[in-house]
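For the sequence shown, this note's numbering begins at 57 and goes up steadily by one.
We put the beta carbon where it would ideally sit given N, CA and C, even for glycine.
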Amino acid sequence: MGDRLNRVRRKFEPLLRRIFHAYFLLARGMTLGVRAVVLDDENRVFLVRHSYISGWYLPGGGVDLGETMEQAMRRELKEEGDIDLTGEAVLHGIFLNSHVSRRDHVAVYVVRQFTQDRLPEPNHEIVECGFFAITALPDGTTHGTRQRLAEVLDGKPLMATWR
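Given below as C-alpha cells:
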C-alpha cells in the first residue's frame with residue numbers, strides 16, 4: 057500500500073504544487089512560509105516527511121493572514137512535531153523560494169530550547185518524523201534543507217535563494 061501511495065503522490069505532486077501555489081497567489085499575492093531548524097541536546101535535527109510531497113524537510117508551513125512569522129513557526133512546530141518552545145527562536149534568514157514561485161519567501165528560525173513529550177503519530181499530513189544526526193540524514197533530505205543545515209551548523213555563507 058505504501059509503494060502505491062508513493063507512486064500516486066509522485067505522479068500528482070507537480071500538479072498539486074501548482075494548484076496550491078495558484079490558490080495562494082490569488083489569496084495572498086505573495087506567499088510567505090516558515091521553517092525551523094530544531095536541534096536537540098545532541099545537535100540532531102528534527103525533520104518531517106509529508107504525505108503530499110517527496111523528501112524530508114525542516115518542519116514548517118505557510119503564514120496565515122493576521123499571523124506573525126514567529127506565531128506561524130510555533131504553530132507549525134506544534135502541529136507537525138508536538139514541539140513547544142521554551143526559549144527564544146533565532147531568525148536565521150529569509151530566503152526566496154523561486155523554484156516554487158518568484159513571489160514565495162521562507163523565513164527560517166533556529167530552535168534549541170523546546171519540549172517534546174513524544175514523537176507524534178503519523179497523520180494525513182506528516183507520515184514520518186524524527187531527530188537525525190547531521191552525519192546520518194535520511195535518504196531524500198532535500199537540497200534546501202541540507203543548505204540551511206550547512207549554514208546553521210557549519211557556518212557556510214547564507215544563500216539568498218532556497219536552492
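Where the beta strand (DSSP E) through residue 209 begins and ends: Run containing residue 209: none in the beta strand (DSSP E); it sits in the alpha helix (DSSP H), 199-210.
Quick one: what's got a C-beta closer than 6 Å to residue 145's C-beta in the same chain, skipping five residues either side? Counting only Cβ-Cβ distances below 6 Å, and skipping sequence neighbours, we find 165, 167.
Could you give the residue range of the beta strand (DSSP E) that holds residue 136? Taken as a continuous stretch (DSSP letters only), residue 136 belongs to no beta strand (DSSP E), being part of the alpha helix (DSSP H) at 125-137.
Three or more C-beta pairs below 8 Å linking the segment 90-100 and the segment 201-208: Between the segment 90-100 and the segment 201-208 there are three or more C-beta pairs closer than 8 Å, enough to call the two in contact.
Note down the Cα distance separating residue 64 from residue 122, rounded to an integer number of angstroms. Taking the CA atoms as reference points, residue 64 sits about 35 Å from residue 122.
What separation, rounded to the nearest whole angstrom, lies between the Cα atoms of residue 155 and residue 77? Answer to the nearest angstrom: the Cα atoms are 11 Å apart.
Going by DSSP, what residue range makes up the beta strand (DSSP E) through residue 88? It spans 87-94 - the beta strand (DSSP E) in which residue 88 sits, taken as one unbroken run.
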